[in-house]
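**Student:** Pasting a structure here, questions to come.
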Amino acid sequence: MSNLFQTYGRWEIEPATASGSWMTDVCGKKYLDFTSGIGVCNLGHRPKQVEEAVLTQLNQYWHVSNLFTSSKQEKAAQLLAQVAGMDRVFFANSGAEANEGAIKLARKATGRTKIITFINSFHGRTFATMSATGQDKIKHGYGPMLETFVYVPYNDVEAVKNAMGEDVAAIMLEVVQGEGGIHIGDQEFFNEIEALCQKYGALLVIDEIQTGIGRTGKPFAFQHFGLQPDIVTAAKGLGSGFPIGAVIGKEKLGEYFGPGSHGSTFGGNPISIAAAIATMEAIFQREQLEEVIEKGNYLINQLNDQLGKLPFVHDIRGLGLMIGIECSFNVAPVLAELRKNGLIVLQAGEKVIRLLPPLTVLKSEMDEAVQILTSIMQKNNDAVKA
Ligand SMILES: Cc1ncc(COP(=O)(O)O)c(C=O)c1O
Numbered sequence: 215m216s217n218l219f220q221t222y223g224r225w226e227i228e229p230a231t232a233s234g235s236w237m238t239d240v241c242g243k244k245y246l247d248f249t250s251g252i253g254v255c256n257l258g259h260r261p262k263q264v265e266e267a268v269l270t271q272l273n274q275y276w277h278v279s280n281l282f283t284s285s286k287q288e289k290a291a292q293l294l295a296q297v298a299g300m301d302r303v304f305f306a307n308s309g310a311e312a313n314e315g316a317i318k319l320a321r322k323a324t325g326r327t328k329i330i331t332f333i334n335s336f337h338g339r340t341f342a343t344m345s346a347t348g349q350d351k352i353k354h355g356y357g358p359m360l361e362t363f364v365y366v367p368y369n370d371v372e373a374v375k376n377a378m379g380e381d382v383a384a385i386m387l388e389v390v391q392g393e394g395g396i397h398i399g400d401q402e403f404f405n406e407i408e409a410l411c412q413k414y415g416a417l418l419v420i421d422e423i424q425t426g427i428g429r430t431g432k433p434f435a436f437q438h439f440g441l442q443p444d445i446v447t448a449a450k451g452l453g454s455g456f457p458i459g460a461v462i463g464k465e466k467l468g469e470y471f472g473p474g475s476h477g478s479t480f481g482g483n484p485i486s487i488a489a490a491i492a493t494m495e496a497i498f499q500r501e502q503l504e505e506v507i508e509k510g511n512y513l514i515n516q517l518n519d520q521l522g523k524l525p526f527v528h529d530i531r532g533l534g535l536m537i538g539i540e541c542s543f544n545v546a547p548v549l550a551e552l553r554k555n556g557l558i559v560l561q562a563g564e565k566v567i568r569l570l571p572p573l574t575v576l577k578s579e580m581d582e583a584v585q586i587l588t589s590i591m592q593k594n595n596d597a598v599k600a
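Throughout the sequence shown, residue numbering follows the working numbering, covering 215 to 600 in sequence.
Rendered as structure tokens:
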């Protein structure tokens, strides 16, 4: 019997080593990893520059607490703020914690409690972020949620207008809904939301936990749409696998997060900060980000060529290297077949195969992944026809 709470539907693979886009399991079988630890290892597994930064920090000190001055936290904050076009940063340990901080900050700064979020959104597993999440299955059995949130359909301008008012503290959204099925927001939808926030004095909070740190070919996905959020949250890709989250805010919010107003023992710990600085220095380079867009377009085109005509493939969509293949059925069995054939991918919602390869993925690796996907999906097609 396992001593673990069985909170995860685990796969049959136990990793032994991983490097770049590849993983080898304890039986010696090699896999192409198109999950990046769920959008975390954006530079691939064990990137050299992050390893070196972490080893240097390990040889200096591990933990001292946030009571000490930290020029390294300052540097990480400066990198994040600069690239986001914002001013203030609070470091947490995870995506949910970053969103929790954003929700607290939005409520405190506006003196209001109502926050609009979206159906099919995902914001985390703490009580506030679970409440913010627009998916019933995440909340099942936990009793009454925080009353702060109202949920409206994504990409539905009229629904947002109807929910909006002087009592709204914030609109909180993902630019691409990740867990909910790779749904990309429209420019018009985002423009209207920004205008509504300005009209009613509400804050625009963008959850970039999955979309941020170069995943979509910009440092943050909101930058594809020219948005100017008040608060942005980041986590996953920020530490290349070392746990870290961040609340990034505009200067005007600084006064609401003063001494004693929020905190975390481990938030911004030296090891994760060292990893984050090295990660950001590698990812936030123009050529690196342009390559992500080129690779994303290449992968989507290849997938369209090979899979687009299959009758059960409804849509292939994405932004940068965050790509979804929407099918007409639950894709879990297809994912299992892909793993058996050496390709690890994710599910988003019930019917979407989600690809989150590392941003450093090679063309040859994308070709190999497309070839495995094509052979398994074609087999599936033949089975349906037979
Ligand atoms: C958009 C988004 N927000 C928040 C979270 C929660 O992050 P974490 O699991 O680090 O708490 C996730 C995780 O998948 C996410 O995709």
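Backbone N, C-alpha and C fix where the C-beta goes; we use that ideal spot for every residue, glycine too.
Nothing here was measured: the structure is a model prediction, and the numbers come from that model.
For the segment 547-575, which segments carrying the beta strand (DSSP E) assignment without a break, of at least 3 residues, lie completely within its bounds, in sequence order?
**Tutor:** List check, beta strand (DSSP E) in window: 560-562, 566-569.
**Student:** DSSP state of residue 332, grouped into three classes?
**Tutor:** In the structure shown, residue 332 sits in a strand (DSSP, three-state: E or B).
**Student:** For residue 274, which option in 456, 223, 483 has the closest C-alpha, if you only look at C-alpha atoms?
**Tutor:** Of 456, 223, 483, the residue nearest in Cα terms is 483.
**Student:** Look up residue 503 in the DSSP assignment and say whether it is helix, strand or coil.
**Tutor:** Helix.
**Student:** Report the rounded CA-to-CA distance for residue 403 versus residue 375, giving the unit in angstroms.
**Tutor:** If I take the Cα positions, the gap works out to 11 Å.
**Student:** Which residue marks the beginning of the beta strand (DSSP E) containing residue 244, and which one marks its end?
**Tutor:** Here the beta strand (DSSP E) through residue 244 covers 244-247.
**Student:** Entirely within the segment 224-271 and at least 3 residues each: give me those beta strand (DSSP E) ranges in chain order.
**Tutor:** Here the runs fully enclosed are 229-233, 236-239, 244-247.
**Student:** Assuming residue 481 contacts residue 256 (C-beta within less than 8 Å), just tell me the rounded distance between them.
**Tutor:** Contact doesn't hold; Cβ gap of about 21 Å is too wide.
**Student:** Count the other CB atoms within 10 Å of the CB of residue 365; is the residue buried (16 or more) or exposed (fewer)?
**Tutor:** Buried: at least 16 other Cβ atoms inside 10 Å.
**Student:** For residue 536, name the three-state secondary structure that DSSP assigns.
**Tutor:** In the structure shown, residue 536 sits in a strand (DSSP, three-state: E or B).
**Student:** Could you check whether residue 513 and residue 537 sit closer than 8 Å to each other, using their CB atoms as the reference points?
**Tutor:** It is a contact, given that the beta carbons lie within the stated cut-off.
**Student:** Specify, as a first and last residue, the run of the alpha helix (DSSP H) that residue 293 falls within.
**Tutor:** Unbroken alpha helix (DSSP H) run through residue 293: 285-298.
**Student:** If you compare alpha carbons, which of 237, 550, 277, 517 is closest to residue 260?
**Tutor:** Nearest C-alpha to residue 260: 237.
**Student:** So, for residue 400: in the same chain, excluding its five sequence neighbours on each side, which residues have a beta-carbon less than 7 Å away from its beta-carbon?
**Tutor:** Only 369 meet the Cβ criterion.
**Student:** Per DSSP, what are the beta-bridge partners of residue 460 in this structure?
**Tutor:** Partner(s): 305, 448.
**Student:** With 16 other CB atoms within 10 Å as the buried threshold, where does residue 429 fall?
**Tutor:** Classification for residue 429: buried.
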